[in-house]
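> My questions all concern the structure below.
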Amino acid sequence: MRSERPRLSVIGTGYLGATHAVCMVELGYDVIGLDIDEAKIERLRAGEIPFFEPGLPELLAKHIDGGRLRFTTSYPEVAEFADVHFVCVGTPQRKGELAADMTYVDAAFSSLAPHLTRKVLVVGKSTVPAGTAARMESLLLDLAPNKDVELAWNPEFLREGFAVEDTLRPDRLVFGVHSAWAEQQLRAAFAPVLETGTPAVVTDFATAELVKVAANSFLATKISFINAMAEVCEVTGADVTKLAEAIGHDARIGRRFLNAGLGFGGGCLPKDIRAFIARAGELGVDQAVSFLREVDEINLRRRVRTVEIGLDLVDGSYHGTHVAVLGAAFKPNSDDVRDSPALDVAASIGRRGGTVVIYDPHAMQNARRMHPELTYVESLIEAVTGADVIMLLTEWDEFRAMSPERIGALVAHRNLVDGRNVLDPVQWRAAGWLYRALGRP
Ligand code: UDX
1239 MRSERPRLSV IGTGYLGATH AVCMVELGYD VIGLDIDEAK IERLRAGEIP FFEPGLPELL
1299 AKHIDGGRLR FTTSYPEVAE FADVHFVCVG TPQRKGELAA DMTYVDAAFS SLAPHLTRKV
1359 LVVGKSTVPA GTAARMESLL LDLAPNKDVE LAWNPEFLRE GFAVEDTLRP DRLVFGVHSA
1419 WAEQQLRAAF APVLETGTPA VVTDFATAEL VKVAANSFLA TKISFINAMA EVCEVTGADV
1479 TKLAEAIGHD ARIGRRFLNA GLGFGGGCLP KDIRAFIARA GELGVDQAVS FLREVDEINL
1539 RRRVRTVEIG LDLVDGSYHG THVAVLGAAF KPNSDDVRDS PALDVAASIG RRGGTVVIYD
1599 PHAMQNARRM HPELTYVESL IEAVTGADVI MLLTEWDEFR AMSPERIGAL VAHRNLVDGR
1659 NVLDPVQWRA AGWLYRALGR P
């Protein structure tokens, strides 16, 4: 085993795995990436990232011909090559349930294990329900020919849109290990990151698993807290953006993740809090996380409220109206539409009879696949031309920079819902717009 600079494998090449693989090459490692999806592997081999993530295509282009990064669909090849294997497959929400679908994690471990003939470290990075690591450890010991194979759990905290930065310069590393040897392998696999002073929290499996869901639960709670305050602001005439600014100055509270608006979506926060509720139920500690149900509900209520505010502006009925929806991604700088609040609102307006015309700088293809019944156009200008109401639902820079006069000259009626509280109400109202937002007069 080359513990100085171990050779790495990354199993699963979605948002997390592809980013991890490419960034580890950038950090100086030899890496092999595996996916069972042939088409995805072909695209990666051709130097193409199958999703939108700023900075990642450039990094892949830099390394694809350098001989230190390759992609495969073969588990034997991966097992032969690597000393440390990172499992980065997804744990989506199960259809019709709160719990996480563990199919991909189980499949990755069971496919890799039978090929492990020398002592290596297998590292789980996927976000999983408590108890998974212990289960994967017994699975490895059952299926691996070499019984000295070890497991570690190393949760990942990267944000889409900042995935490269978060992987190269994370604010912390968490190592869930059962031995000093496993810790040493992880330290070797993250040496360049640790050398820059990044703190490493070394702990047991259960804590490492929980750190991730606890962090995401906290972030979701913070967002729903400010959105609950927005609900109160709406009936008292207060301004939630000023409220956030004022409480955010208290260092104990902090201003980050206090942006009130349409709420959270994406492939992580919503499904992670739901999976946590489900797992806590199984473990008999439902009460400990029952507040997360409320966090989820506050979040979903904001979508309903956004549809209602738009309804006010079109005099009580969406029938026969042209609604320009700006944004489909769950947040800017991503093409991810999983549990996207923007797309949810757009679909709901479509069901109520509005003609929904959507523009998003990068998420159109994914959005169209999920909601083919809605209309998609190629530019902001096309979307707003002739609109009865504009709904800004994902705060891309292009939308933040809109001029009320220029856009005003294109629409049929100057009605605007700022679902992300990013425009200046004074400026828009001065240009003759009926400006409405969430939690702001
Ligand atoms: C999140 C966590 O931040 C990350 O650490 C974890 O690894 C994966 O889940 P991500 O899903 O990429 O990352 O997005 P994030 O930036 O956290 O935003 C999540 C959602 O919350 C978005 O829909 C965003 O629009 C919303 N949000 C965020 C708010 O509504 N208000 C805020 O103040 C911040």
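When we follow the working numbering, the leftmost residue of the sequence shown carries the number 1239, and every step to the right adds one.
Quick reminder that beta carbons are idealized off the backbone N, C-alpha and C, glycines included.
Predicted, not measured: the structure shown is a model, and the values here were computed from it.
Identify every run of the alpha helix (DSSP H) within the stretch 1240 to 1294, keeping only runs that are complete inside it and at least 4 residues long; order them along the chain.
1253 to 1264 and 1276 to 1283
> Under 7 angstroms: does the beta carbon of I1491 sit that close to some heavy atom of the ligand NAP?
No copy of the ligand NAP occurs in the structure displayed; its ligands are the ligand UDX alone.
> Counting only runs of 4+ residues fully inside the stretch 1471 to 1531, write out the alpha helix (DSSP H) ranges in chain order.
1478 to 1486 and 1507 to 1520
> Thinking C-alpha only, which one of E1291, A1580 and A1650 is nearest T1623?
If you compare the alpha carbons of E1291, A1580 and A1650 with that of T1623, the shortest gap goes to A1650.
> Could you round the C-beta distance between E1421 and V1412 to whole angstroms and report it? I think they count as a contact, below 8 angstroms.
That pair is no contact at about 12 angstroms.
> Quick one: give me the first and last residue of the alpha helix (DSSP H) that G1588 is part of.
P1579 to R1589
> Between the alpha carbons of R1638 and A1562, how many angstroms are there, rounded?
15 angstroms
> By alpha-carbon positions, which one of R1490, W1419 and V1545 ends up nearest to D1321?
W1419
> Out of K1357, R1517 and F1568, point me to the one whose CA is closest to C1506's CA.
F1568
> Within its chain, find whatever has a CB closer than 7 angstroms to the CB of R1390; leave out the 5 residues flanking it on each side and keep chain order.
Inspection of the sequence shows that residue 1390 is occupied by Ala rather than by Arg. Excluding residues within five positions, the ones whose Cβ falls inside 7 angstroms are L1359, V1361, F1413, G1414, V1415, A1420 and L1424.
> Taking the alpha helix (DSSP H) that E1636 falls in, what are its first and last residues?
D1635 to R1638
> As an exercise, report each continuous beta strand (DSSP E) stretch of at least 3 residues that is fully enclosed by the stretch 1359 to 1418, in chain order.
1359 to 1362, 1388 to 1391 and 1411 to 1414
> Using the C-alpha atoms, what's the distance from H1301 back to E1472?
Each residue's alpha carbon lies about 51 angstroms from the other.
> Do you know offhand how far G1554's Cα is from A1458's?
32 angstroms
> Tell me whether C1326, by its Cβ, gets closer than 7 angstroms to a heavy atom of the ligand UDX.
no
> Exposed or buried, T1251, counting other C-beta atoms within 10 Å across all chains shown (16 or more means buried)?
buried
> Where does the unbroken beta strand (DSSP E) through R1556 begin, and where does it stop?
Looking at the sequence shown, residue 1556 is not Arg but Tyr. It is not in any beta strand (DSSP E) - Y1556 carries neither H nor E in the DSSP assignment.
> Rounding to the nearest angstrom, what Cα-Cα distance links I1587 and I1628 in this structure?
12 angstroms
> From C1261, P1599 and T1310, pick the residue whose C-alpha is nearest to that of E1620; which is it?
Distance check between E1620 and each of C1261, P1599 and T1310 places P1599 closest, using alpha-carbon atoms only.
> Taking only runs that begin and end inside the stretch 1610 to 1668, name each unbroken alpha helix (DSSP H) of 4 or more residues, in chain order.
1618 to 1622, 1635 to 1638, 1642 to 1646 and 1663 to 1668
> Pick helix, strand or coil for H1560, following the three-state DSSP scheme.
strand
> On the criterion of 16 or more Cβ atoms from any shown chain inside 10 Å, does V1248 qualify as buried, or is it exposed?
Using a 10 angstroms sphere on the CB of V1248, the tally of other CB atoms reaches 16 or more, which defines it as buried.
> Would the C-beta of N1454 count as close to the ligand UDX, meaning under 7 angstroms from any of its heavy atoms?
yes
> From T1559 to P1642, what does the alpha carbon distance come to, in whole angstroms?
20 angstroms
> With a threshold of 7 angstroms (Cβ to nearest heavy atom), would K1569 be considered close to the ligand UDX?
yes
> At the level of alpha carbons, what is the spacing between I1645 and Y1597?
14 angstroms
> If you reduce the DSSP assignment to three classes, tell me which class H1600 lands in.
Secondary structure of H1600 (DSSP, three-state): coil.
> Give me the DSSP bridge partner(s) of T1310.
L1272
> Give a single yes or no on whether L1396 has its beta carbon closer than 7 angstroms to a heavy atom of the ligand UDX.
Of the heavy atoms belonging to the ligand UDX, at least one sits nearer than 7 angstroms to the Cβ of L1396.
> Can you pull the DSSP bridge partners for R1674?
V1655
> Starting from A1429 and walking both ways along the alpha helix (DSSP H), at which residues does that stretch end?
A1429 to E1433
> Which partner residues does T1593 have in the DSSP bridge list?
H1560
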